[in-house]
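So that you can map any letter, position 60 of the sequence shown is 60 in UniProt numbering, and since no number is skipped, the others follow by simple counting. Take a look at the structure below.
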Amino acid sequence: QQRDNRQELQRQAVLQFLSKSSFRFHGSDVLVFIPVHNEEHAIAQVVRKIRNACDFDILVIDDGSTDSTPDILSKLDVEVLRQPVCLGSLYTLSAFGVGSSLGYKYMVKLDGDDQQNPRDLPRLYEHAISTKADIVIGSRHLNGFTANIFSIKGAGMWFCSKLVSLLLRKQITDSTSGYRIWNSRTYKTMTQALKSGRLKEESTYEIEELMIAAKMKLKVEEISVVMRKRQFGESKSYSIKKMASFPPNLIRSTIRALTYRS
């Protein structure tokens, strides 16, 4: 019931956004979406860096921010989809819904905390075009594993990449990276999987998505990227709660992916 209520709030937010008579988009084939929740110190800089790096269209998804993020966004020349409360990873479903409705050929996710480098956006797109890949991942480990493999987080990242590599039958070095580009066929497929509950917006989302890609025989590629250390606030990716929920979520994700039917 709670999941249904959250999805209804998400669906209404998308419908309200799409009901606008015009959009501040510029006709690009690529839509960059930036999920934000209380990123008042970083979001303006992130938008500026994207504009300096490429001419892709930009959509900010404000996931129920309670700081000054909404005020800052109102002063930027950028499209904003506002979710009334924090809905977590359902922002992916919101973004894919907008992309599908407006006919974008590619979608890219860029975090709003200024850790990922927008200069890599054109590289992701160019690699997707040149290799005809369905998904291209921005990998932090393509040139060597950069995390501490003896830490819980590092060991988990290493294990998940080995698992995904086994299923895809090719080496994937950073299966937990959310910095990735999808072509339209792929993001529409993931939209349906999310809506039906066959893909869950849990701590293992990125990994499960790649396992589904393996099941569907999609082409997955990687390029090397470098992540900055977070300058403001606290990371939402590796909270104690998320790390504790990771092992059981991974087991459920693997079972769902291996039994996935499109």
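Positions of the beta carbon are idealized from the N, C-alpha and C atoms, including for glycine. Given the structure is predicted, the values throughout are model-derived calculations rather than measurements.
#### Entry: Supposed contact pair Ile-58 and Ile-34 - C-beta distance, whole angstroms, cut 8 Å
Ile-34 to Ile-58, Cβ: 7 Å. Contact.
### Task
Grab the span of the alpha helix (DSSP H) containing Val-98 for me, first residue to last.
91-102
### Query
Is the Cβ-Cβ distance between Leu-142 and Ala-214 less than 9 Å?
Here Leu-142 is not near Ala-214, since their CB atoms are 9 Å or more apart.
### Task
Return the bridge partner residues of Gly-138 from the DSSP annotation.
BP columns for Gly-138 point to Ile-223.
### Query
CA-CA distance, residue 272 and Arg-48?
Residue 272 is absent from the model: the chain starts at 1 and stops at 262.
### Message
DSSP three-state label for Gln-192, please.
### Response
DSSP places Gln-192 within a helical segment (H, G or I) once states are collapsed to three.
### Task
Please name the residue in Arg-6, Ile-152, Val-136 and Ser-253 whose C-alpha comes closest to that of Trp-182.
Val-136
### Task
Whole angstroms is fine: what's the gap from Arg-252's alpha carbon to Gly-97's?
25 Å
### Message
In whole angstroms, give me the CA-to-CA distance for Thr-69 and Val-14.
### Response
19 Å
### Query
Taking three-plus beta-carbon pairs below 8 Å as touching, is the stretch 91-111 in contact with the stretch 184-204?
yes
### Task
Provide the residue(s) that pair with residue 345 in DSSP beta bridges, ordered along the chain.
Summary: the structure shown does not reach residue 345, with the chain confined to residues 1 through 262, and so no result is reported for it.
### Query
From Glu-126, Phe-23, Lys-217 and Asn-38, pick the residue whose C-alpha is nearest to that of Arg-261; which is it?
With distances taken between Cα atoms, Arg-261 lies closest to Lys-217.
### Query
So Ile-72 is in the beta strand (DSSP E); what residue range does that whole segment cover?
Per DSSP, Ile-72 belongs to no beta strand (DSSP E); it is in the alpha helix (DSSP H), 69-74.
### Query
Whose C-beta lies closer than 6 Å to the C-beta of Tyr-205 among residues of the same chain, with five residues either side of it excluded?
Ser-89
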